[in-house]
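Beneath this line is the structure, given in structure tokens, with notes to follow.
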Amino acid sequence: MFWTIAFRAFSGIGLALIFSLSQAYVGDSAPEGREGRHMGAFGIFIASGFGVEPLLAGIIRDQYDMDTVFISMAVMFAAASIAMAILLPKSRRIRNGDVDALPAVPWSTTLRHPCVQGLYLVGTSLAFAMGASFTFVAIFLERDMGATATMVGAVLAVQHVTNGAMQPISEMLADRFDRRMLIMGGAILVAAGYLTPAIVDEYWVIVVGFMLGVGVGNSIAQVSTQALQMEIGRELGMATVMSLQATSFGSGVLMGSMLTGIVNVMVGTRWVFVAATLVILGGALAFILRTAGRPITRFLAGEEVTTAPEPASG
5 MFWTIAFRAF SGIGLALIFS LSQAYVGDSA PEGREGRHMG AFGIFIASGF GVEPLLAGII
65 RDQYDMDTVF ISMAVMFAAA SIAMAILLPK SRRIRNGDVD ALPAVPWSTT LRHPCVQGLY
125 LVGTSLAFAM GASFTFVAIF LERDMGATAT MVGAVLAVQH VTNGAMQPIS EMLADRFDRR
185 MLIMGGAILV AAGYLTPAIV DEYWVIVVGF MLGVGVGNSI AQVSTQALQM EIGRELGMAT
245 VMSLQATSFG SGVLMGSMLT GIVNVMVGTR WVFVAATLVI LGGALAFILR TAGRPITRFL
305 AGEEVTTAPE PASG
């Protein structure tokens, strides 16, 4: 048990670094007005990986054992690290030599931005539901519905595969329509999808709910969220804004796993999904209330910002 917890802790630190810095890299590369397209293209590969992983893990577990699952994960992490070290070029800002000209925005200023606060809240609520799903979908399906590990993997995979397939449509929507309303609509779809295990007893209905609700809704909400982050990141610092979203994801998953465990003990597994649904709706409402009528950019007008000093000549 100790080594399993240690593995999860170290892999979690690595994933947090990967997500925030890779999103900042994409943000630096995207031209204004095309944030949705760039982040959507990036999201295809993230969603595809998340979609294949649980299904593949379920098949490996059914055919071999749990140790083989973890060994496979380690091999894939190593292969990805080698590929990144060899293939990833420098970002546009580094190639152009304009890194030192960026303003050094204090964290206190970044945290006062209403849209940063709103995005953090809605991101945390979606991650809360994801943490609950990671923890209790398998338990519910195996214990209450007699599902195999492959069937559980299919439920977890279908949402991510759908998410990836929806990325081209989501990126188009994010570049053409109000991103705040898209985030709200996507969150409502996700909430509806997570509610299905609480109200139905048919396996295939749950599969469809996760596909059309969680998969489609997450695709719309995530691409629009990341496009807004890129807008804000150009003003406040791309890596800073993206790292805050990674923090919201990590804290949301942690709270979702722990708090819904209490819900499960007190009132049962089905109520875990009800709790996840309510948290998503609450986070989406808080996002709309916090950002309504407020500009996305030009937040630093009137703020005192320290500019990074130019390097000494000679």
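Each residue of the sequence shown is one higher than the one before, starting from 5 at the first, in the working numbering. Note that CB positions come from ideal geometry on N, CA and C, so glycine has one too. Please read these numbers as outputs of a predicted model, since none were measured by experiment.
{"Query": "Could you tell me the boundaries of the alpha helix (DSSP H) in which T154 lies?", "Result": "153 to 180"}
{"Query": "How many Å lie between A280 and V126 at the Cα?", "Result": "13 Å"}
{"Query": "So, with DSSP's three-state summary, where would you put E206?", "Result": "coil"}
{"Query": "Rounded to a whole number of angstroms, what is the C-alpha to C-alpha distance between F277 and P201?", "Result": "7 Å"}
{"Query": "If you run the structure through DSSP and keep just helix, strand and coil, what is D104?", "Result": "Per-residue confidence for D104 stands at a pLDDT of 48, beneath the threshold of 50, marking its modelled position as unreliable; the derived number appears in the next sentence. Helix at D104."}
{"Query": "What would DSSP say about Y198, mapped onto helix, strand or coil?", "Result": "helix"}
{"Query": "Measuring straight from C-alpha to C-alpha, what distance separates L248 and A196?", "Result": "27 Å"}
{"Query": "Considering only C-alpha positions, which residue in the set S261, L289, T154 is nearest to M185?", "Result": "L289"}
{"Query": "Can you check whether the CB of I284 is closer than 8 Å to the CB of Y198?", "Result": "yes"}
{"Query": "Please state whether DSSP places P58 in a helix, a strand or coil.", "Result": "helix"}
{"Query": "Taking the alpha-carbon positions, what's the V211 to V159 distance?", "Result": "5 Å"}
{"Query": "Using C-beta distances below 7 Å, list every residue in its chain close to E146, excluding the 5 sequence neighbours before and after it, in chain order.", "Result": "V156"}
{"Query": "Could you check whether I63 and S76 sit closer than 8 Å to each other, using their CB atoms as the reference points?", "Result": "no"}
{"Query": "Could you tell me the alpha carbon to alpha carbon distance between S317 and I292, rounded to whole angstroms?", "Result": "Its pLDDT being 43, under 50, S317 is placed unreliably in this model, and the coordinates cannot settle the point."}
{"Query": "Do you know whose CA, among M234, G135, I187, Q233, lies nearest L258's CA?", "Result": "G135"}
{"Query": "Just checking, does the stretch 214 to 234 make contact with the stretch 86 to 93 on the three C-beta pairs under 8 Å criterion?", "Result": "no"}
{"Query": "How long is the line joining the alpha carbons of I9 and M262, rounded to whole angstroms?", "Result": "14 Å"}
{"Query": "Excluding the 5 residues preceding and the 5 following G122 in the sequence, name in chain order all residues of the same chain whose CB lies nearer than 6 Å to its CB.", "Result": "F291, R294, T295"}
{"Query": "Which same chain residues, not among the five before or five after M188, have their C-beta less than 6 Å away from its C-beta?", "Result": "A288, I292"}
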